[in-house]
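Anchor point for the sequence shown: position 84 equals 79 in the numbering used here, and the numbering is continuous, going up by one each time.
Glycine included, every Cβ here is placed at the ideal spot set by N, Cα and C.
Below: the structure, in structure tokens.
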Amino acid sequence: MSSGTSLGKIGRVGVVLLALAGACAVGPNYQRPPVDAPRAFRGGSAKSTGSIAELPWWKVFRDENLRELIRIALANNYDLRIAVSRVEQAREFAAQARAGFFPQLNYGAVAARGRNVTALNLPAPTGQVGSIFAADFNVSWEIDLWGRIRRLTESAQAQFLATEEARRGVTISLIAEVAQDYLQLLALERELQIAEETRDAFAGSLQIFNERLEGGVASKLETASASALLDSAAATIPNIERQILLQENLLSVLLGRNPGPVSRNGPGFDEQLLPEIPPGLPSALLERRPDIRQAEQQLRSANAQIGVAEADCLPQFSLTGLLGQVSAQLANFFTAGATAWSAAASLTGPIFHGGQLRARYRQAKAARDEAVLQYQAAVLRALQEVADGLLSRQKLAEERVQQAQAVQAYQEAVKISLERYRHGNASYYEILQAQQQLYPAQIALVQTQLNELLVLAQLYRALGGGWSQ
-4 MSSGTSLGKI GRVGVVLLAL AGACAVGPNY QRPPVDAPRA FRGGSAKSTG SIAELPWWKV
56 FRDENLRELI RIALANNYDL RIAVSRVEQA REFAAQARAG FFPQLNYGAV AARGRNVTAL
116 NLPAPTGQVG SIFAADFNVS WEIDLWGRIR RLTESAQAQF LATEEARRGV TISLIAEVAQ
176 DYLQLLALER ELQIAEETRD AFAGSLQIFN ERLEGGVASK LETASASALL DSAAATIPNI
236 ERQILLQENL LSVLLGRNPG PVSRNGPGFD EQLLPEIPPG LPSALLERRP DIRQAEQQLR
296 SANAQIGVAE ADCLPQFSLT GLLGQVSAQL ANFFTAGATA WSAAASLTGP IFHGGQLRAR
356 YRQAKAARDE AVLQYQAAVL RALQEVADGL LSRQKLAEER VQQAQAVQAY QEAVKISLER
416 YRHGNASYYE ILQAQQQLYP AQIALVQTQL NELLVLAQLY RALGGGWSQ
């Protein structure tokens, strides 16, 4: 029988086995676990059809200065760049798994000289010294009869997609975090402005009391009280300035820069816009939230590993072949008589491994069950985050209206008390009390406005971010 005929028959057997293998793969096929998604979010409307999650981030955040900071962060942030490198690693790991579908072709060469060595094709021992020269190409091919390689590839591909979703999750979190930190920076600047205005207001009161003290109308108690409140208000300014510098450092690191100042040329804190936020439908979270999609891909990978473990318990069929030249004399290396070839088919399978393979199979099923619970927990956590954001937005809007009315009333009270004091109809205590009440009310309004703005960024992240990356 010629070498071509033998290799041809082996190849035809491989094709037949491969065709049979394509018809089945052991292990369960993936099915998405059921989840109990409500018809509408708590705090949202069942009739909502749109969502900020359908918008790209540059349409959600309207401050152009903030948009530029987000662009810089997306280009330079180290956490995001690390996530991208993990995606590339997972992509190549999936490519390694797919390589199992193809024959593995290798080459080899050897030149040796020795005595009493059977590898030299000499009777041993003979006391003779001999040489050998060999070069060959060899091929091996595992026939995926039970779908082991297919399940390995399915698992690796799912892991790759999971890392891609993790990267997308880092991107969305980064966008939301830059927005939140920038808004907090603007809020601190507004608080600094209020603190300076409060200091100036107490300084004005102290000046009035000093003038009246010099005129013999006021007492030293009035000036001492006003001076104490002035110093107390002035003492808050360095602390706010410290917080501004720390916030700038935090934001700089997110941008991939050394700690330093951050540009804020856009609208001020009170000019930030709050867009309407239609929440969309809860079922859309399953297709949008990167953490849910990541958990599902990890579940898909764990499910495929059951098939791998099951296939390890079954026989494996392989084809191998070799073609090369072997000669004891270098001068005869390229002659027809030096040609060597072989073709073989092998069947291997486990008989007794002390329960190792069965334990591996049970472990794979338990890992799949864990992944199911992680997926369902991710869905439930997502529903909670969206509901929390929608409810917070609604209640914070109500709180802001009431707090703004309180600030307006305190400002009016300060104005009236000063007029009354100048006309001798009120005591100094009335002025100082009104001024003392105004400052914390203004700070509380800033915090409420900030929380309302932060909810926008939180909802952007909770709803799965902008679909257009």
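Please identify the residue among the options whose C-alpha is closest to the C-alpha of residue i.
i: residue 448; options: 330, 413 and 180; result: 180
i: residue 480; options: 216, 226 and 209; result: Here the chain comprises residues numbered -4 to 464, so residue 480 is not present and cannot be evaluated.
i: residue 260; options: 53, 27, 178 and 109; result: 178
i: residue 100; options: 70, 339, 158 and 131; result: 131
i: residue 364; options: 404, 301 and 345; result: 301
i: residue 397; options: 444, 415 and 138; result: 444
i: residue 356; options: 420, 369, 379 and 304; result: 304
i: residue 217; options: 280, 96 and 425; result: 425
i: residue 402; options: 258, 440, 389 and 141; result: 440
i: residue 59; options: 407, 262, 91 and 335; result: 262
i: residue 399; options: 140, 437, 412 and 429; result: 437
i: residue 231; options: 243, 187 and 239; result: 187
i: residue 192; options: 435, 442 and 22; result: 435
i: residue 331; options: 205, 189 and 321; result: 321
i: residue 418; options: 279, 391 and 203; result: 203
i: residue 70; options: 251, 140 and 205; result: 251
i: residue 281; options: 26, 30 and 25; result: 30
i: residue 105; options: 423, 215, 454 and 325; result: 325
i: residue 96; options: 143, 346, 341 and 329; result: 143
i: residue 339; options: 411, 134 and 278; result: 134
i: residue 395; options: 361, 442 and 323; result: 442
i: residue 267; options: 423, 73, 174 and 87; result: 174
i: residue 423; options: 67, 149, 51 and 205; result: 205
i: residue 453; options: 87, 379, 236 and 433; result: 379
i: residue 362; options: 254, 150 and 87; result: 150
Are the CB atoms of residue j and residue i within a distance shorter than 8 angstroms?
i: residue 381; j: residue 36; result: yes
i: residue 107; j: residue 126; result: yes
i: residue 249; j: residue 172; result: yes
i: residue 200; j: residue 182; result: no
i: residue 129; j: residue 350; result: no
i: residue 292; j: residue 156; result: yes
i: residue 138; j: residue 312; result: yes
i: residue 170; j: residue 460; result: yes
i: residue 176; j: residue 246; result: yes
i: residue 94; j: residue 152; result: no
i: residue 405; j: residue 373; result: no
i: residue 92; j: residue 147; result: yes
i: residue 166; j: residue 82; result: no
i: residue 284; j: residue 354; result: no
i: residue 369; j: residue 299; result: no
i: residue 20; j: residue 145; result: yes
i: residue 224; j: residue 427; result: yes
i: residue 256; j: residue 243; result: yes
i: residue 228; j: residue 190; result: yes
i: residue 98; j: residue 136; result: yes
i: residue 375; j: residue 446; result: no
i: residue 359; j: residue 141; result: no
i: residue 28; j: residue 371; result: yes
i: residue 123; j: residue 296; result: no
i: residue 286; j: residue 164; result: yes
For residue i, which residues does DSSP report across the bridge?
i: residue 315; result: 135 and 339
i: residue 320; result: 130 and 334
i: residue 30; result: Paired residue(s): none; residue 30 is not in a bridge.
i: residue 124; result: 110
Whole-angstrom Cβ separation of residue i and residue j, contact assumed at under 8 angstroms?
i: residue 309; j: residue 344; result: 7 angstroms
i: residue 456; j: residue 168; result: 6 angstroms
i: residue 160; j: residue 288; result: 4 angstroms
i: residue 317; j: residue 336; result: 6 angstroms
i: residue 367; j: residue 294; result: 6 angstroms
i: residue 415; j: residue 421; result: 4 angstroms
Taking only beta-carbon atoms, is residue i less than 8 angstroms away from chain B?
i: residue 453; result: Of the chains in the structure shown, none is chain B; there is only one protein chain.
Subject >> 3 or more residues per run - each beta strand (DSSP E) lying fully within the stretch 177 to 262 >> reply: none
Subject >> Residue ranges of each alpha helix (DSSP H) within the stretch 47 to 109, 4 or longer >> reply: 52 to 55, 59 to 71 and 73 to 93
Subject >> Contiguous beta strand (DSSP E) assignments of at least 3 residues, all confined to the stretch 329 to 398 >> reply: 334 to 343
Original post:
What alpha helix (DSSP H) runs, 4 residues minimum, are completely inside the stretch 280 to 305?
Top reply: 280 to 283
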